[in-house]
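**Student:** To start, I am sharing the structure in question, which I have written as structure tokens.
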Amino acid sequence: MNPLDNKENSAGEFSYSGLGDIVFMKAEKFIDTVLNWSRGWSLWPVTFGTSCCAIEMMTFGATKVDADRMGVLFVGDSPRQSDLILVSGTITKKMARRLLNVYEQMPSPKYVIAVGACNISGGLYHDSYNTIAGIDRIMPVDVYIPGCPPRPEQFQDAVRVLRKLIQQNEIKRYAKQSS
Amino acid sequence: MPSKVVDALKDSFKDNVTVLSDNGVEDVIVLSDKKLLKEAAKLIKKIHDIVFLITVVDRNPTFEIGYVFSNYVDKSILNLRVNIMQDDLSIDSITSVFPSADWEEREAYDMFGIKFNGHPSLKRILLPEDWPGHPLRKDFKVTDDVRNWTGLDLKF
Chain A
573 MNPLDNKENS AGEFSYSGLG DIVFMKAEKF IDTVLNWSRG WSLWPVTFGT SCCAIEMMTF
633 GATKVDADRM GVLFVGDSPR QSDLILVSGT ITKKMARRLL NVYEQMPSPK YVIAVGACNI
693 SGGLYHDSYN TIAGIDRIMP VDVYIPGCPP RPEQFQDAVR VLRKLIQQNE IKRYAKQSS
Chain B
847 MPSKVVDALK DSFKDNVTVL SDNGVEDVIV LSDKKLLKEA AKLIKKIHDI VFLITVVDRN
907 PTFEIGYVFS NYVDKSILNL RVNIMQDDLS IDSITSVFPS ADWEEREAYD MFGIKFNGHP
967 SLKRILLPED WPGHPLRKDF KVTDDVRNWT GLDLKF
């Protein structure tokens, strides 16, 4: 019996499989577990900020809510070295193709966090002629952060949730091609 | 104190100019014939330096275009209004006289679909270039087609 199949076997909310489980895994699953463990602790973001949510995103990277200690390093801002895109701010129809342009330059595996009401449903501008009513219409989204704008602590929580999803191998989009 | 530019316009265009306000600080005049606009702009250029605003109001069936001129010497403002009909939405561009009118005219084209004859590059400035329609017109309705339009060739 595979230990990962048993949901009750997992110890806590944010735990990953311990050493005892790894011994009994198939090699394929072992590699996935190790890779996903390391991916979860090294989420370098592209900061795609277009409006007020981006101000909260800056606070997320600053000292009070320190993103660095979670592995979210606000370094080069180059999409080609990033794993995560933080889409914060209203996405207009003109900006949508620029956003996809940035997203497609990121190497796989890549994860998306949609920040704020505008990115979840369009927010205030849901009935407008010029905004995308939710970026999940144009690209896959892993974690949503509600709020208008959300607090920096919610960014912290979103990264924790995303890390949990990655380490438990819940994000199947970039799963191995063999199966 | 009557302003010099209003007097000059009245001398040149006579009946084609209606003066609504003439106090030397914020003058409002209406030009009745749109063909005279470029000629009037050249006259205004002698006194005012920039056009810092072009507004369009959709008063179905006419469109009222408002040009706001000003200068760097005193703080006087000249509002020049031109009415054009809905079935012929074209007017001469004043970009060759006032270069700052370039983007303002592009925005008026973008939102209302007004053609500015002689503009160097009349294309959309705010919306995507393949976007259908002109959103600030009164007869524009936000339908589901407009809401769901992305202009993207999505693979999923």
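Protein chains in written order, with the numbering used here: chain A, 573 to 751; chain B, 847 to 1002. Every residue, glycine too, gets a C-beta built ideally from N, C-alpha and C.
1) Residues of chain B with CB under 7 Å from Ala686 of chain A, in chain order?
2) Exposed or buried, which one is Pro617 of chain A when buried takes at least 16 other CB atoms within 10 Å?
3) What are the start and end residues of each continuous beta strand (DSSP E) run of 3 or more residues lying completely inside the segment 849-876 of chain B, in chain order?
4) Could you check whether the Cβ of Val988 of chain B sits closer than 7 Å to any Cβ belonging to chain A?
5) Going along the chain, which unbroken runs of the alpha helix (DSSP H) with 4 or more residues stay wholly within the segment 628-700 of chain A?
6) Straight-line CA distance for Val851 of chain B to Ala886 of chain B?
7) Measure the Cβ-Cβ separation of Ile704 of chain A and Ile738 of chain A and say whether it is below 7 Å.
8) Using a beta-carbon distance below 7 Å, is Ser582 of chain A in contact with chain B?
9) With 16 other CB atoms within 10 Å as the buried threshold, where does Ser751 of chain A fall?
10) When you compare each of B:Asn862, B:Glu951 and B:Pro978 to Ser878 of chain B by their alpha carbons, which one comes out closest?
11) Which residues in the same chain have their Cβ closer than 8 Å to the Cβ of Asp873 of chain B, if we skip the five residues on either side of it in sequence?
12) Could you tell me the distance, in whole angstroms, from the CA atom of Ala730 of chain A to the CA atom of Pro974 of chain B?
13) Ile937 of chain B: which of B:Ser946, B:Ser916 and B:Phe909 sits nearest, CA to CA?
14) Which two residues bound the contiguous alpha helix (DSSP H) that contains Thr605 of chain A?
15) Give me whichever residues DSSP pairs with Ser623 of chain A in a beta bridge.
16) Is the segment 698-713 of chain A touching the segment 640-650 of chain A in the sense that three or more CB pairs, one from each, lie closer than 8 Å?
17) Could you pull the DSSP bridge partners for Met931 of chain B from this structure?
18) Indicate whether at least one CB of chain A lies closer than 7 Å to the CB of Val902 of chain B.
19) Quick one: what's Ile900 of chain B bridged to in DSSP?
20) Report the option in B:Lys880, B:Lys881, B:Leu889 and B:Val871 whose CA atom is closest to the CA atom of Ala854 of chain B.
21) Helix, strand or coil: how does DSSP classify Gln739 of chain A here?
22) Of all Cβ atoms in chain B, is any one closer than 7 Å to the Cβ of Tyr697 of chain A?
23) Looking only at its own chain, which residues have a Cβ that is under 6 Å from the Cβ of Asn929 of chain B, when we skip the five neighbours before and after it?
24) Which whole-angstrom value is the C-beta distance of Tyr683 of chain A and Leu656 of chain A, which I expect to be below 8 Å?
**Tutor:** So, from the listed chains and residues:
1) Ordered by position in chain B, no residue passes the 7 Å Cβ test against Ala686 of chain A, which lies about 16 Å from the chain.
2) When all chains shown are included, Pro617 of chain A counts as buried.
3) Complete beta strand (DSSP E) runs here, min 3: 863-867.
4) Yes, its Cβ sits closer than 7 Å to a Cβ of chain A.
5) Qualifying alpha helix (DSSP H) stretches, in chain order: 665-677 and 689-693.
6) Near 10 Å, if we compare the C-alpha coordinates of Ala886 of chain B and Val851 of chain B.
7) Going by C-beta atoms, Ile704 of chain A is not nearer than 7 Å to Ile738 of chain A.
8) At Ser582 of chain A, the pLDDT of 48 sits below 50, so the modelled position is not reliable; the number obtained from the coordinates is stated separately. No, because no Cβ of chain B sits closer than 7 Å to the Cβ of Ser582 of chain A.
9) Residue placement at Ser751 of chain A is flagged as unreliable, the pLDDT there being 39, under the threshold of 50; the coordinate-derived value follows with that caveat. Exposure of Ser751 of chain A is indicated by the presence of fewer than 16 other C-beta atoms within 10 angstroms of its C-beta.
10) A check of alpha carbon separations from Ser878 of chain B across B:Asn862, B:Glu951 and B:Pro978 identifies B:Asn862 as the nearest.
11) For Asp873 of chain B, the CB contacts under 8 Å within the same chain, skipping 5 residues up- and downstream, are Ser849, Val851, Val852, Val865, Ser867, Ser922, Ile923, Leu924 and Asn925 in chain order.
12) Put simply, the backbone Cα of Ala730 of chain A is about 32 Å away from that of Pro974 of chain B.
13) With distances taken between Cα atoms, Ile937 of chain B lies closest to B:Phe909.
14) Where Thr605 of chain A is concerned, the enclosing alpha helix (DSSP H) stretches over Ala599 to Gly612.
15) None; Ser623 of chain A has no bridge partner.
16) Because the criterion of three Cβ pairs below 8 Å is not met, the segment 640-650 of chain A and the segment 698-713 of chain A do not touch.
17) Partner residues in the beta bridge of Met931 of chain B, as assigned by DSSP, are B:Thr908.
18) No Cβ of chain A is located within less than 7 Å of the beta carbon of Val902 of chain B.
19) Under DSSP, Ile900 of chain B forms a beta bridge with B:Tyr913.
20) Nearest Cα to Ala854 of chain B within the set B:Lys880, B:Lys881, B:Leu889 and B:Val871: B:Leu889.
21) When DSSP states are grouped into helix, strand and coil, Gln739 of chain A belongs to the helix group.
22) For Tyr697 of chain A, no CB of chain B lies under 7 Å from its own CB, so it is not counted at the interface with that chain.
23) Excluding sequence neighbours, Asn929 of chain B sits near Thr908 and Glu910.
24) Taking the Cβ atoms as the reference, Tyr683 of chain A lies roughly 5 Å from Leu656 of chain A, within the contact range of under 8 Å.
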